[in-house]
Amino acid sequence: MGNQTLVILQICFFLTFVWLLYVTDLSEFRDTTGYILNNSDNLSNYFYQYIIAVQTSHKFFASTKNNVFISLFGTESETLARKLHGCMSTSSFPYKSFEFGICERFLVCTDRPLGDIHFIKLWTDISGDDAIQSWHCEQIQIKDMQTNKDYLFEVKQWFHTPVMTLSFL
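For reference, each letter of the sequence shown is one residue, going 236 to 404 in the numbering used here.
Here is the structure:
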């Protein structure tokens with residue numbers, strides 16, 4: 236009985252080691268640090284630019300294949316719902332958004348300034364695979380490129396299906 240326990244423990248340590256190697260080694264290839272994804276629904280006549288950095292947490296099963304949407308509310312204006320996605324995939328680099336521990340940055344343009352951003356609305360849909368429909372967002376950071384102001388929203392929430400909307404001040 237003692238040998239079986241030892242073998243099971245060794246297998247668990249080995250699997251944990253392999254998983255840690257995967258997370259630390261391959262995250263270099265999946266991390267979009269330094270990249271800003273041009274949100275594909277930006278219009279050419281929208282000149283006010285905002286960088287939205289979305290940090291998916293390091294919790295187990297934090298990744299999602301669902302679509303993620305955001306609305307920004309400022310003192311002067313607000314945005315309609317914007318689906319956060321970009322156009323960065325290539326045949327050699329199949330880009331997947333909202334993966335475990337990764338921070339994605341999106342360029343979102345508007346037709347007028349929003350003012351000081353004091354509120355965001357964040358939600359997902361149920362478009363992903365059944366196994367990975369929940370998502371854990373750590374934080375959202377928004378940079379107003381005109382005024383150089385940063386806005387940080389500590390989210391630290393799970394988004395589950397059915398459609399779930401959370402708002403943050």
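No residue lacks a Cβ here, since even glycine has one placed at the ideal position from N, Cα and C. In this text, all values refer to a predicted model and were calculated from it rather than measured experimentally.
Residue burial classification, Phe333 (beta-carbon count within 10 angstroms, cutoff 16): With 16 or more other Cβ atoms inside 10 Å of its own Cβ, Phe333 counts as buried.
Looking at the structure shown, is Gln245 part of a helix, part of a strand, or coil, going by DSSP? Here Gln245 sits in helix by DSSP.
Pull the bridge partners of Ile377 from the DSSP assignment, please. Residue pairing from DSSP places Ile377 in a beta bridge opposite Ile287 and Tyr386.
Between which two residues does the beta strand (DSSP E) carrying Lys356 extend? Its beta strand (DSSP E) spans residues Ile352 to Thr359.
Does the beta-carbon of Val343 have 16 or more other beta-carbons within 10 angstroms, so that it is buried, or is it exposed? Buried.
Of the residues Ile352, Gly237 and Cys247, the one placed nearest Phe308, counting alpha carbons only: Of Ile352, Gly237 and Cys247, the residue nearest in Cα terms is Ile352.
Span separating the alpha-carbon of Cys247 from that of Thr240: Straight through space, the alpha carbons of Thr240 and Cys247 are spaced by roughly 11 Å.
Considering only the alpha carbon of each residue, which of Asn383, Met380 and Leu387 lies closest to Glu373? Nearest in C-alpha terms to Glu373, of all of Asn383, Met380 and Leu387, is Leu387.
Host beta strand (DSSP E) of Ile305 (start-end): Its beta strand (DSSP E) spans residues Val303 to Gly309.
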